[in-house]
Amino acid sequence: MISKRSFIKQFFKHRQMVGSIRPSSRFLGEKMLENIDFIRSKSLIELGPGCGVFTDMIIDRMAPDASLLVFELNDEFYDSLNTRINDPRVTIIHDSAEHLEKYIHDGKKIDAVVSSLPLMVFPETVRDNVVNVSHKVLKSAGIYMQFQYSLQSKKLLKAIFNDVSIKFTTKNFPPAFIYTCRKK
Ligand SMILES: C[S@@+](CC[C@H](N)C(=O)[O-])C[C@H]1O[C@@H](n2cnc3c(N)ncnc32)[C@H](O)[C@@H]1O
Numbered sequence: 001m002i003s004k005r006s007f008i009k010q011f012f013k014h015r016q017m018v019g020s021i022r023p024s025s026r027f028l029g030e031k032m033l034e035n036i037d038f039i040r041s042k043s044l045i046e047l048g049p050g051c052g053v054f055t056d057m058i059i060d061r062m063a064p065d066a067s068l069l070v071f072e073l074n075d076e077f078y079d080s081l082n083t084r085i086n087d088p089r090v091t092i093i094h095d096s097a098e099h100l101e102k103y104i105h106d107g108k109k110i111d112a113v114v115s116s117l118p119l120m121v122f123p124e125t126v127r128d129n130v131v132n133v134s135h136k137v138l139k140s141a142g143i144y145m146q147f148q149y150s151l152q153s154k155k156l157l158k159a160i161f162n163d164v165s166i167k168f169t170t171k172n173f174p175p176a177f178i179y180t181c182r183k184k
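If you count the sequence shown from 1, position 6 lands on 6 in this note's numbering, and the numbers rise without skipping.
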């Protein structure tokens, strides 16, 4: 896995894109994944994996017949994940989360989206596009998980998913808000 030091280096090189000075804790990962039914969920998406803390946790939990599409825009993170992860259920995609629909074929619908994207540092149109397209590709009753370091995303997420609940944890640096958004 890419080291913490390399992660920090990427942050100083691409602050806006990376959005955090260090990788998330496994505890935050547990919170991000605890509401996903991994037995029933056969199609999963992860947005902004970074060095893959959550990716590894998803892989450990996902069903043998499930698939996971992972979108990472940063060159170094993408290369590292693509070299390291060799699981036939997982496809690592070097493209922006905004374009995720392009990679979903035959009208397939998604059970769960796990997003670590730094939404509030994105331009407004990018932020809206990412959340809208995620909502669009989800099945009804599908789930969108997002963590952020503030409550600023609440308005946007509530406008798109009317069912949104929020938890907070200090067991991460920085402390984080975990948004659980369900499609009706
Ligand atoms: C806050 S970091 C989270 C990394 C990791 N999931 C974690 O929690 O430690 C945000 C990640 O989103 C990626 N990213 C930023 N904009 C993106 C975009 N438009 N599409 C896909 N990934 C993006 C960054 O390169 C970075 O890996």
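For each residue, glycine too, the CB sits at the ideal point set by N, CA and C. Please read all numbers here as calculations on a predicted model, not as lab measurements.
Assigned exposure category for residue i - 16 Cβ within 10 Å defines buried
{"i": "residue 101", "result": "exposed"}
{"i": "residue 148", "result": "buried"}
{"i": "residue 146", "result": "buried"}
{"i": "residue 122", "result": "buried"}
{"i": "residue 97", "result": "buried"}
{"i": "residue 115", "result": "buried"}
{"i": "residue 63", "result": "exposed"}
{"i": "residue 55", "result": "buried"}
Element boundaries [beta strand (DSSP E), containing residue i]
{"i": "residue 167", "result": "163 to 169"}
{"i": "residue 115", "result": "110 to 115"}
{"i": "residue 139", "result": "138 to 148"}
{"i": "residue 177", "result": "176 to 182"}
Range covered by the alpha helix (DSSP H) that runs through residue i
{"i": "residue 10", "result": "4 to 13"}
{"i": "residue 187", "result": "Outside the shown range of the chain (1 to 184) lies residue 187, about which nothing can therefore be said."}
Residues near residue i in its chain [Cβ-Cβ closer than 6 Å; skip 5 each side]
{"i": "residue 119", "result": "127 and 153"}
{"i": "residue 53", "result": "23, 24 and 29"}
7 Å CB neighbourhood of residue i in its chain, flanking five on each side removed
{"i": "residue 141", "result": "182 and 183"}
{"i": "residue 17", "result": "73 and 74"}
{"i": "residue 117", "result": "47, 48, 97 and 130"}
8 Å Cβ cutoff, residue i in contact with chain C
{"i": "residue 143", "result": "Of the protein chains in this structure there is only one, and it is not chain C."}
Other residues of its chain near residue i: CB distance less than 8 Å, five sequence neighbours each side excluded
{"i": "residue 35", "result": "143, 145 and 180"}
{"i": "residue 171", "result": "25, 27 and 28"}
Going along the chain, which unbroken runs of the beta strand (DSSP E) with 3 or more residues stay wholly within the region 20 to 107? 43 to 47, 67 to 71 and 90 to 93
For the structure I just gave you, are there three or more beta carbon pairs, one from the region 67 to 74 and one from the region 88 to 97, closer than 8 Å? yes
If we count Cβ pairs, one from each stretch, closer than 8 Å, do we get three or more for the region 45 to 60 versus the region 71 to 81? yes
contact_flag[the region 79 to 88, the region 15 to 22] where n(CB pairs < 8 Å) is 3 or more: no
Is there contact here, the region 154 to 170 with the region 128 to 137, by at least three beta-carbon pairs under 8 Å? yes
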